[in-house]
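In my numbering, the protein residues as written are 1 to 222.
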């Protein structure tokens, strides 16, 4: 049985610039919205508890948000951060209809170690799209790479073990992880870098040509 998570919140009356006082006191303004909420509910949550919960479950696991005696079953849909201080400044909680099937992006977590330390593990896909009832959707899908030992040994989306009642939406032939030689990884990165330089050079040439045409047309207009 999946672990249950909960978070305490309080109804918020402060709005606008006054919410700065909340942050000074370690509180983060937030809003609850979704199909199970008739209108958005403004709340505050303790910054420390919010960050700790988000680090534990991310945005793809349901939690019970306790608001002054009322419980909302929600996802942490967005956690807005101050780009300089890297501290949360606002949170969004989404309350889904628990009886309606939904589609969600679920993170893929690699666990274990490959049997060949000299090879490089290429993680090519870090999420998959799944469909199911909100309570059935996992917060993440573990992929055990301990069985990989040879070059080109791979794990595909079709190899994932999903909970009962959950369907795969992502193409099952999509690759999640592959073992490769270190040199091949370096060559791939070099090719990508060279292609990027070529594109930049072409764009610069096109821009220069465009400027010349523009100048010529301006002069002819005079």
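A virtual CB, placed ideally from N, CA and C, is assigned to each residue, including glycine.
Beyond the five residues adjoining it in sequence on each side, residue 181 comes within less than 8 angstroms, by CB distance, of 119, 120 and 151 in the same chain, given in chain order. Two segments are said to touch when three or more pairs of C-beta atoms, one from each, lie closer than 8 angstroms; by this definition the stretch 102-109 does not touch the stretch 76-83. By the Cβ test, the stretch 40-49 is not in contact with the stretch 120-131, since fewer than three Cβ pairs between them sit closer than 8 angstroms. In chain order, 42 place their CB closer than 8 angstroms to the CB of residue 15, counting only its own chain and leaving out the 5 sequence neighbours on each side. When beta bridges are read from the DSSP output, residue 129 appears opposite 105. Per DSSP, reduced to three states, the secondary structure at residue 87 is coil, with no helix or strand assignment. In the assembly as shown, residue 30 is a buried residue. Its beta-carbon has 16 or more other beta-carbons within 10 Å.
Annotated three-state conformation of residue 41 is strand, per DSSP. Less than 7 angstroms separates the beta-carbon of residue 129 from that of residue 170. Three or more beta-carbon pairs drawn from the stretch 107-116 and the stretch 130-146 are found closer than 8 angstroms, and the two stretches are therefore classed as touching. Three or more beta-carbon pairs separated by less than 8 angstroms are not found between the stretch 87-101 and the stretch 154-163, which leaves the two stretches without contact. Here residue 27 is buried, its C-beta having at least 16 other C-beta atoms within 10 Å. Residue 56 carries a helical assignment under DSSP once its states are collapsed to helix, strand and coil. Nearest Cα to residue 174 within the set 127, 137 and 135: 127. Less than 7 angstroms separates the beta-carbon of residue 95 from that of residue 32.
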